[in-house]
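Under my numbering, the letters of the sequence shown match residues 0 to 90, in that order. Where a beta carbon is used, it is the ideal one built from N, C-alpha and C, also for glycine. Nothing here was measured: the structure is a model prediction, and the numbers come from that model. Heads up, the thing below is written out as structure tokens.
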Amino acid sequence: MTSQTPDWQAVLARLERLEAQNRRWKMAVLAACLLAGAALLTAPAVSQEQRGRMVTAERFVLVDARGNTRATLGATAEGAPRLDLLDAAGK
0 MTSQTPDWQA VLARLERLEA QNRRWKMAVL AACLLAGAAL LTAPAVSQEQ
50 RGRMVTAERF VLVDARGNTR ATLGATAEGA PRLDLLDAAG K
């Protein structure tokens, strides 16, 4: 059986290289996280003006996934508001 005595200088040199590599990885991950955070913070936000925009129409129609009309919102010929809710059969 052969016994190997470690060359402590080589082990210490390898340990120093691994620690330096570990520090570089930590800095790279930190930089990537900071860049991602900055990108999220500087992303264009919806302004208050855009949120409060008015949609104008004479009639609104709500349809289901199959294209069937389920509700309508509009005004009668006299100008009174009207909301119709329809079942799956359209009644």
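Kindly list the residues whose CB is nearer than 6 Å to the CB of residue i, restricted to its own chain and excluding five residues on each side of it in sequence; keep chain order.
i   : result
A70 : L61, L84
Taking 8 Å as the cut-off, is the CB of residue i close to at least one heavy atom of the ligand HEM?
i   : result
R69 : Of ligands this structure carries none, so the ligand HEM is not represented either.
Going by DSSP in three states, residue i sits in which element: helix, strand or coil?
i   : result
A16 : Looking at the sequence shown, residue 16 is not Ala but Arg. It is helical.
R69 : strand
M0  : Confidence in M0 is poor, its pLDDT being 48 and thus under 50, which makes the residue's placement unreliable; the coordinate value appears in the next sentence. Three-state result, M0: coil.
A79 : coil
R52 : coil
K25 : helix
A64 : coil
I'd like to confirm the pairing. Which residues does DSSP put opposite residue i in its beta bridges?
i   : result
R58 : G73
L33 : DSSP, once it has assigned bridges, lists no residue as partnering L33.
L84 : A70
Whole angstroms are fine: how far does the CA of residue j sit from the CA of residue i?
i   : j   : result
R58 : L29 : 53 Å
R65 : G89 : 12 Å
P43 : A87 : 41 Å
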